[in-house]
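Q:
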Amino acid sequence: MPADGGIGAPMKRREDVRFLTGTGRYTDDLNRPGQAYVYFLRSSVAHGKINSVNTEAAAAMPGVIRIFTGADFEGIGGLPCGWQVTDKHGQPMQEPGHPVLAQGKVRHVGDPIAAVVADTLDQARDAAEAIEADIEELPAVIDMKKALEDGAPKVHDDLTSNLCYDWGFVEENKGAVDEAFANAAHVTTLELKNQRLVANPMEPRVAIGDYDPAGDNSTLYTTSQNPHVIRLLMGAFVLGIPEHKLRVVAPDVGGGFGTKIFHYAEEAFCTFAAKQLRRPVKWTSSRSEAFMSDAHGRDHVTKIELALDADNNFTALRTETYANMGAYLSTFAPSVPTWLHGTLMAGNYKTPLIYVNVKAVFTNTVPVDAYRGAGRPEATFQLERLVDKAARELGVDPIALRRQNFITQFPYATPVAVEYDTGDYEATMAKLEEIADLSGFEARLEESKKKGKLRGLGVNCYIEACGIAPSHLVGQLGARAGLYESATVRVNATGGLVVMTGSHSHGQGHETAFPQVIAEMIGIDPSMVEIVHGDTANTPMGMGTYGSRSLAVGGSAMVRATEKIINKAKKIAAHLLEASEGDIELKDGAFSVAGTDKSVAWGDVTLAAYVPHNYPLEDIEPGLEETAFYDPNNFTYPSGAYACEVEVDPETGKVTIESFAAADDFGNIVNPMIVSGQVHGGIAQGIGQALLEGCVYDEDGQLLTGSYMDYAMPRADDVPYYAVDHSCQTPCTHNPLGVKGCGEAGAIGSPPAVVNAVVDALQRAGKTEVTHIDMPLSPSRVWAAMNQ
Amino acid sequence: MTNVTMTINGRSVSGTVEGRTLLSTFIRETAGATGTHVGCDTAQCGACTVHVNGASVKSCNMFAMEADGADVTTIEGMANADGSLGTIQQAFQDHHGLQCGFCTPGMVMTAAALLKENPTPTEGEVREYLSGNLCRCTGYHNIVKAIMAASGQDVSSIAAE
Ligand code: FES
Ligand code: FES
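For the protein sequence lines, the chains are S and E, in the order given.
For the first sequence, the working numbering begins at 1 and goes up steadily by one.
For the second sequence, the working numbering begins at 1001 and goes up steadily by one.
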């Protein structure tokens, strides 16, 4: 390993220096010469017929350049959906149109009706107030089950109902699953909600459209996790701009958590308007707008059942879930409750028979799509709450029940269509027992009792599928994209390297971790490697960063490209050393001839590649630059075990997190400091979901949680220090780094631990009738549960 | 429109503003100091925190006119004179107290105000003082740890890298 930072070193992050000195460049920090500003007039009703939008008075206001309405986008494509799910009858999902600006109807609070472009933002906002929109309010559907009733108002009049799809997985197994339930010694049933959340990256979304008439080139600057995906979707499906005439730039991105994957109307609008007006057009979301226009997450209502035999072995699992799509299909929405959720229902257990049913429903709410974990937190929450409940019903230790049913042989083909390559669930559970000091729980319980507090312990496991994904597989499952990743490695004459990658950091530290990998491979200092990302003009086509895929897929592409570089460099070195290529070894940044003391430094070889005076020109080209596209042949399967201890105040129902421990298996690790940070952040989001967060609509579809006044985000004093460990490592067998991905684990593994702990606290206090409380576990809900 | 002048990181900056122009807008757009971030519109995230005449202030919650004549320090003014990271900034890097970096300027400015008031805070005091600053990335663990370290306290017993 290089002296200060190859694979495994907790290197400090180089990007921090600019973020700590105010010299980061986020999209809102960019301004284009002559730029105008857009303000969107958004629907204040959940469902309504647009009778007219009169912009006359507004258009005459100071500074107004032009006002656009839905009519301006007739004949222009709508926002596309990137995944088509096939229902249990073999039919494609119902797929409504999604215009850039509302046409005919508004379908959720926040749906954009008109866009005012003016010289300043204040002028645009002032003029928007003068627009007279005559909107006839229609009855709204908010509750999913009501939305499916006969005669319910339809969100989309051209669809047959509000049902997007009714999905069965694996449909052929349904009969066998039902039979296993009929023969079960014990059945545990749980009904629960996984509430709607708002991702809330701290940087609100921003889009700047720019157009250069000289070359007929459009540029979009945007807060995106995947600029190439936006270029493809917007160029090909919305605006009809070929990719070579469209550049998408995402500079520093201030968090995303999934919500910056999707292609949004504001991006298409700014790109379109800039060309129409021959002026750059900038939009900066306010936080209030973000609450009503960023795709939301979760929002599942589920009934789940577990069948066990007389020896407490799991024999079958059956679920029925209603998944809210919101008013339109966001980019990857249909995949979340299906392929990212159903395929995870085996969890860590060898349950032989599983059937998952999901009904996806349109409602008059903001579209719902992937949020950190995307489907996998929902699966884990159901399963791990259910197993806890089963243990209680059977009077057995919940950890012992889990252990008894763990998968122990790998590779393991689940009954839900995936194959886990590696894992060791016993190892992470044993590690958890150690780092969470589970044997000391009884003593802590006594301490809490003395203080008059109810203490509870919650433990759970999780499995997730990351490193999305084998393109041929997701293609069969309905993805309209490939899910490979790319890297170009350019070596300069003097030996420094630039890696141009399709992955794009929005906080994960790629600029530090990726060079560590290359430094390890070549034996040079990581400071010799620079990462370029986030700009379609200077990176190869890539799919971006989400699903904990950057190192597993993007890093693998980088490894492949670097291997090509090394192979070519060895040829050059062989020539320079007058040796045969097979005898050349690369170590510590020098090429040597095996068994001799002859060697040539990395920098001499790279120089020869660009100054090929003494060079095998008849065999190889000059230059040292290689590209690789890496398409994984399986998902990766990180796993772990989490524990939470809570105290509940019996007077108020307030829950405090006393401790939280996470033992994860991420396979090999490149930068343990960054990995720990990822887990910390995920845990806080999971604790946020468990105790605080929840996006609430009233029955008319008004968004009641539209700002940080009403939507409770976890703050520093809501959470403790976390004990995290990732020393259990079963490397992934199918990618060259043996890595699995760590970005989502914390958010997937933590909500059930918290809820299990609170239920445990109440049970220990004799509230045996309390077997579940829906999240968020606010004081009022916990108090009500205690006093029901 | 009114003319205002203030000192931002030692530099005098003047501009014409409307009555409704926020200090955060003035700092970002008139002074071009884009390290100060805007993360909300209800004064609850703290990303915009700066120091006005030595006191920590949410710059989205103050009109530019109110800061006429004031001495303002932003994240751009926190490095040492030689350009190296200041103590708090260095502690954030050393302890991985930031990920996407968007909340970071506000966190550093708030931390500086805390340590001025209370040079050796307890963990609980740090957490309470940070309760006006949201971070969605770090789960706060390493932010709290970085601030404890910046105050000169031993953080070696706190879990993880
Ligand atoms: S932007 Fe000032 S507190 Fe959020
Ligand atoms: S580091 Fe991203 S919000 Fe704090």
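Glycine included, C-beta positions come from ideal geometry on N, C-alpha and C.
Which residues of the segment 1081-1105 of chain E have a Cβ closer than 7 Å to any Cβ of chain S? Give them in chain order.
A: Cβ contacts with chain S: Leu1085, Gln1089, Phe1092, Gln1093, Asp1094, His1096, Leu1098, Gln1099, Cys1100, Gly1101, Phe1102, Cys1103, Thr1104, Pro1105.
Q: How would you call Gln409/S, buried or exposed, if buried means at least 16 neighbouring beta carbons within 10 angstroms?
A: It counts as exposed.
Q: Less than 8 Å separating the beta-carbons of Thr730/S and Thr351/S?
A: In this structure, Thr351/S does not lie closer than 8 Å to Thr730/S by Cβ.
Q: Anyone know if the C-beta pair for Ser503/S and Glu511/S falls short of 8 Å?
A: No; because the gap between Cβ atoms is not below 8 Å, this pair is not in contact.
Q: Does chain S have any CB closer than 8 Å to the CB of Met1001/E?
A: No, because no Cβ of chain S sits closer than 8 Å to the Cβ of Met1001/E.
Q: Going by DSSP in three states, Arg42/S sits in which element: helix, strand or coil?
A: In the structure shown, Arg42/S sits in a strand (DSSP, three-state: E or B).
Q: Quick check on Arg298/S: buried or exposed, where buried means 16 or more other Cβ atoms within 10 Å of its Cβ?
A: That one is buried.
Q: When a residue counts only if its C-beta is closer than 5 Å to some heavy atom of ligand 2, which residues count, in chain order?
A: Listed along the chain, these residues meet the criterion: Met202/S, Gly255/S, Leu1098/E, Gln1099/E, Cys1100/E, Phe1102/E, Cys1103/E, Cys1135/E, Arg1136/E, Cys1137/E.
Q: Do the segment 1093-1110 of chain E and the segment 246-256 of chain S touch if we need at least three Cβ pairs shorter than 8 Å?
A: Yes: at least three Cβ pairs fall under 8 Å.
Q: Could you tell me the alpha carbon to alpha carbon distance between Cys794/S and Gly458/S, rounded to whole angstroms?
A: Missing from the structure shown is residue 794/S; chain S here goes from 1 to 788 and no further.
Q: Quick check on the burial criterion: 16 or more other C-beta atoms within 10 angstroms. Buried or exposed for Asp585/S?
A: Note that residue 585/S is Glu in the sequence shown here, rather than Asp. By the 10 Å Cβ count, Glu585/S comes out exposed.
Q: Which bits of chain E does Gly70/S rub up against, with CB to CB less than 7 Å?
A: Result: empty, since nearest Cβ-Cβ is about 26 Å, beyond 7 Å.
Q: In whole angstroms, what separates the C-alpha of Thr27/S from that of Thr1034/E?
A: Straight-line Cα distance between these residues: approximately 11 Å.
Q: Out of Gly240/S, Thr160/S, Leu383/S, state which residue places its alpha-carbon closest to the alpha-carbon of Ile304/S.
A: Nearest C-alpha to Ile304/S: Leu383/S.
Q: Once you ignore the five residues that flank Ala327/S on each side, which residues in its own chain have a CB closer than 8 Å to its CB?
A: Same-chain partners within the cutoff: Arg107, His108, Asp111, Val155, Phe362, Thr363, Asn364, Thr365, Val366, Pro367.
Q: Any residues in the segment 1112-1135 of chain E with a beta carbon nearer than 9 Å to a beta carbon of chain S? Which ones, in chain order?
A: Listed by position, the residues of the segment 1112-1135 of chain E near chain S (Cβ gap below 9 Å) are Glu1123, Gly1124, Val1126, Arg1127, Glu1128, Tyr1129, Leu1130, Ser1131, Gly1132, Asn1133, Leu1134, Cys1135.
Q: Out of Cys1135/E, Pro1121/E, Lys1058/E, point me to the one whose CA is closest to Thr677/S's CA.
A: What sits at residue 677/S in the sequence shown is Gly, not Thr. If we check each option's Cα against that of Gly677/S, Cys1135/E comes out closest.
Q: Taking Cβ-Cβ distances below 8 Å as the criterion, which residues of the segment 622-642 of chain S are in contact with chain E?
A: Under the 8 Å Cβ criterion, the segment 622-642 of chain S contributes no residue.
Q: How big is the Cα-Cα spacing for Glu464/S and Thr55/S?
A: Those two C-alpha atoms are separated by around 50 Å.
Q: Could I get the ranges of all uninterrupted alpha helix (DSSP H) runs contained in the segment 1038-1117 of chain E, with 4 residues as the minimum, in chain order?
A: Segments of the alpha helix (DSSP H) lying fully in the segment 1038-1117 of chain E: 1087-1094, 1104-1117.
Q: Please report the straight-line C-alpha distance between His228/S and Phe169/S, rounded to a whole angstrom.
A: Computed Cα separation, rounded: 32 Å.
Q: Given a threshold of 16 other Cβ atoms within 10 Å of its Cβ, counted over all protein chains shown, does Met1/S qualify as buried or as exposed?
A: Annotation note: pLDDT 47 at Met1/S (below 50); position unreliable, coordinate value reported separately. Under this definition Met1/S is an exposed residue.
Q: Determine the burial state of Leu239/S: buried for a count of at least 16 other Cβ atoms within 10 Å of its Cβ, exposed for fewer.
A: Under this definition Leu239/S is a buried residue.
Q: Going along chain E, which residues have a C-beta under 8 Å from His506/S?
A: Neighbours of His506/S on chain E, chain order: Cys1100.
Q: Enumerate in chain order the residues of its own chain whose CB-to-CB distance from Gly467/S is below 6 Å, with the five nearest sequence positions on each side excluded.
A: If we look at Gly467/S and ignore the five residues flanking it on each side, its Cβ neighbours are Arg549, Ala552, Val553, Pro632, Phe635, Thr636, Gly741.
Q: Can you pull the chain E neighbours of His613/S, defined as C-beta to C-beta under 8 Å?
A: Simply none; closest approach about 41 Å.
Q: Applying a beta-carbon distance threshold of less than 7 Å, which residues of chain C neighbour Cys1045/E?
A: This model lacks chain C altogether, as its protein chains are S and E.
Q: Would the segment 473-480 of chain S count as touching the segment 75-85 of chain S if we require 3 or more Cβ pairs under 8 Å?
A: Because the criterion of three Cβ pairs below 8 Å is met, the segment 473-480 of chain S and the segment 75-85 of chain S touch.
Q: Can you tell me which of the three DSSP states Phe635/S falls into?
A: Coil.
Q: Output, in sequence order along the chain, the residues in the segment 678-697 of chain S whose CB is closer than 7 Å to any CB in chain E.
A: So the close ones are His680, Gly681, Ile683, Ala684.
Q: Measuring straight from C-alpha to C-alpha, what distance separates Ser659/S and Ser486/S?
A: Ser659/S and Ser486/S: Cα-Cα distance of roughly 41 Å.
Q: At which residues does the alpha helix (DSSP H) containing Pro720/S begin and terminate?
A: Premise fails: Pro720/S is in no alpha helix (DSSP H) and is neither H nor E.
Q: Flag Asn1142/E as yes if its beta-carbon sits less than 8 Å from any beta-carbon of chain S, otherwise no.
A: Asn1142/E counts as touching chain S.
Q: Mind the definition here: the segment 264-276 of chain S touches the segment 559-577 of chain S only if three or more C-beta pairs lie below 8 Å; say whether that holds.
A: No, because fewer than three Cβ pairs between the segment 264-276 of chain S and the segment 559-577 of chain S fall closer than 8 Å, the two stretches do not touch.
Q: Specify, as a first and last residue, the run of the alpha helix (DSSP H) that Arg196/S falls within.
A: Note, Arg196/S: premise wrong, no alpha helix (DSSP H); beta strand (DSSP E) at 186-198.
Q: Straight-line CA distance for Glu1161/E to Met673/S?
A: Residue placement at Glu1161/E is flagged as unreliable, the pLDDT there being 45, under the threshold of 50; the coordinate-derived value follows with that caveat. Glu1161/E and Met673/S: Cα-Cα distance of roughly 5 Å.
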